[in-house]
Each structure stands twice: as structure tokens, then as C-alpha cells.
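In the working numbering, the protein residues as written are 105 to 412.
C-beta atoms are modelled at their ideal positions from N, C-alpha and C, and glycine is treated no differently.
Written out below as C-alpha cells is the structure these notes cover.
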RNA sequence: GGCGUCGUAGCUCAGUUGGUAGAGCAGAGGACUGAAAAUCCUUGUGUCACUGGUUCAAUUCCAGUCGAUGCCA
């Protein structure tokens, strides 16, 4: 074989587009394994609401980074990058192709391009900045960041507390401006990468989101959420499907209203995902029913002549 | 059948003491480096139900028609 490099095939797409089934089918045909890039399926307690693959599906091909964490664990993109790269190294020893699938764009980027080396968040510092925000509002964050890092301040979304807080946190932790630690260069990888977005007409996607939401309720989403009520404040549960059911359990909204809200919020999530993918011109957009097209592209990228 | 109220953006509604109209939600577009299913930004022209009348001018006033709804029969 001429092509000595291995291939990481990224299969992503908006939520409910059918990437799980499709990737399992591909991985089975290529007799290989799947690494998940889904920031909610990491948590073992999130099953129904996170649309985690079923036990039957997981049995078809080996999966990694699904259910390896508890919702109480702290995890982040950098750790994910490390985990995903370590898995790639191991799996490429015995496979020419490995699939990475999931809908978390930032996590996919971390695996494919890498992210800057920054210290792990210090919870004490973060909490103190959060308190500053709660007590004095966004202006206090703006003033602070402007003093600590005027360069980043000139580019940052000044109305987004999350951006401001993280930047301040890094400045305080490292004693350096956040901007000086961001190189934003793309790390090279010891494997080739093929990136595919599974596309669907918007009406069809919305229909699938609606149907999947109804199915989640039938499958017992409410009981799953009830069992997690003691964790309701952890970040992992600030998630579509869970927060709406918490509101229903609080009797703040009716069940039909909660279900409607889940559908709406899922549609919006899908929209944000699509915005993210559109920005990255490396993605090939392929219709969900064009499995043969995908296989043909994979063959080409593996250095084989397309036989289809 | 009689009397009243209502009919304005996909939905809920506001408003114009007559000069063709605006909020919330939904929708659309965008941003994004350790919270990312998170967090945040931008974006509102529609036969003002229909047909006539009055008027320089009607979505606004008047009449009729249709539809919704309430009360009385």
C-alpha cells in the first residue's frame, strides 16, 4: 500500500441527522472502531436524553469515550484532545481507518487541529470571577479584562460573560495576557483526516427531532431526569432534554410545554451546529442517504481506487 | 333569532384622538480555544377579515357581509 498514513474519518452533522447509525454501519464494514465526540454521551448517567447509542448498537463495533465519566466529574476539551489522540495512536496500530463521530464541533476541532496549551481551570479563581459577575454585572468583567489583556479585549465578544470570565481566569492564573497564550495554529497530526457532515433538508431534520423527542419521552426520559435531580446544578445537566424536564418536575411548566420546549431548543442547537460546521471549509457535506458516495470518498482517501 | 365583544406579522397581542403599524415568542443569519446540547450577538411590511360609504386621505369613523366568542332567548 502506497499510502502509509492512517485515516481518521470524522462523521458529524446536526443532532438527530442519523450519524450514529450511519457511522456504526461504516465502522462495521471497515471492521474498525468508533471514537465519540459527543460532549454529553461521555456521562454514564445520560442515556435517553443524550441519545446515547443503545447497548445493541454499542455491541456492533467497539466504541470509546462513551459513558466513561460521571456527571459529577470535571472534563474539558483539552482532556478530550489528549484522550482522542491516545486512542488514535493505539487504534492505528491495528487499523488503517478509525471513525470519530459526534456533534460537538469544538471537540472535533480539538481532536483534528489541537488547542492551545493552557492551564486547567482553577475552580477557586473561576468562582471568584463568577461572584464578581453576579454582584457587579458584566461591566465589572469588561473593566477587569480590559486592564489585564487589552489585545484580547479588543476582539472579544464583550457582551458574553462566558468569554470574558475564561479570559480573565487565564490571565489571573498564568500572570500573562490570555492573548499571548493563544497561538491558534493548527497542529499537525500523524494521520490524515477526512471530515464529513451528514446533511438533511431542514424540514426532514425538524421532523426527526420531533419524532426523537417523543420517543425519548416514551423511553422513560422523565424517570431518567428524576433519578438525576440531585445533580441538577452540574454543568453536564445544563443540557437540552434535561433542563426542560427539570422545569416540568418543578411544576413550572406542563409536560406538553416541556416537550415543545425540548423540540425548539433541539432545533436551535442543530442550527448552531450547522453554523459551526459551515465555517470550516474542510467539511464535505453529503446527503444522509448517499452512503455509497461516502464510501467512495473514504476509499479515495485510503489510497485505494474507488471500486464503487 | 336578539344584544354585545373581537377579527392587525407563523403564534399571543398592543396601537394609530383618520396621514398605511409595533412588542414578546417562534423563525432566520452570525460568533465561538478547558462550561460548548454551553454562552452570546444581529434581525420584524404585514391584502391591519371582506365589500361599500364619508373624507384630500380609512387599518382607524359609518353601514353591510363573513368568521370567532360571550350573554339573553
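Between residue 388 and residue 300, the gap from beta carbon to beta carbon is short of 8 Å. For the 8 Å CB-CB criterion, residue 141 and residue 316 do not form a contact.
For residue 367, same chain residues with a beta-carbon under 7 Å away, outside a window of 5 residues either side, are 313, 314, 317 in chain order.
Put simply, of 200, 235, 309 the residue whose alpha carbon is nearest the alpha carbon of residue 372 is 309.
Assigned with DSSP and collapsed to three states, residue 160 falls in helix.
Around the CB of residue 247, fewer than 16 other CB atoms lie within 10 Å, so the residue is classed as exposed. Residue 329 places its beta carbon 8 Å or farther from that of residue 359. Counting the other Cβ atoms within 10 Å of the Cβ of residue 379 gives fewer than 16, which makes it exposed. In this structure, DSSP gives residue 110 a state outside helix and strand, which the three-state scheme calls coil. 137 is the residue among 129, 137, 269, 363 whose C-alpha sits nearest the C-alpha of residue 194.
Residue state for residue 179 is assigned as coil, using DSSP reduced to three classes. In the three-state reduction of the DSSP assignment, residue 116 falls in the strand class.
For the beta strand (DSSP E) assignment, the uninterrupted runs of no fewer than 3 residues enclosed by the region 242–309 are, from N- to C-terminal side, 296–303.
In terms of Cα proximity to residue 196, the closest of 293, 355, 374, 340 is 293. Here residue 321 has 363 as same chain residues with Cβ atoms under 7 Å from its own Cβ, once five neighbours each way along the sequence are excluded. For residue 285, the closest C-alpha among the options 151, 272, 143 is that of 272. Sorting 116, 121, 180, 122 by C-alpha distance to the C-alpha of residue 147 places 180 at the top. Judged by DSSP secondary structure, residue 205 falls within the beta strand (DSSP E) whose first and last residues are 201–205.
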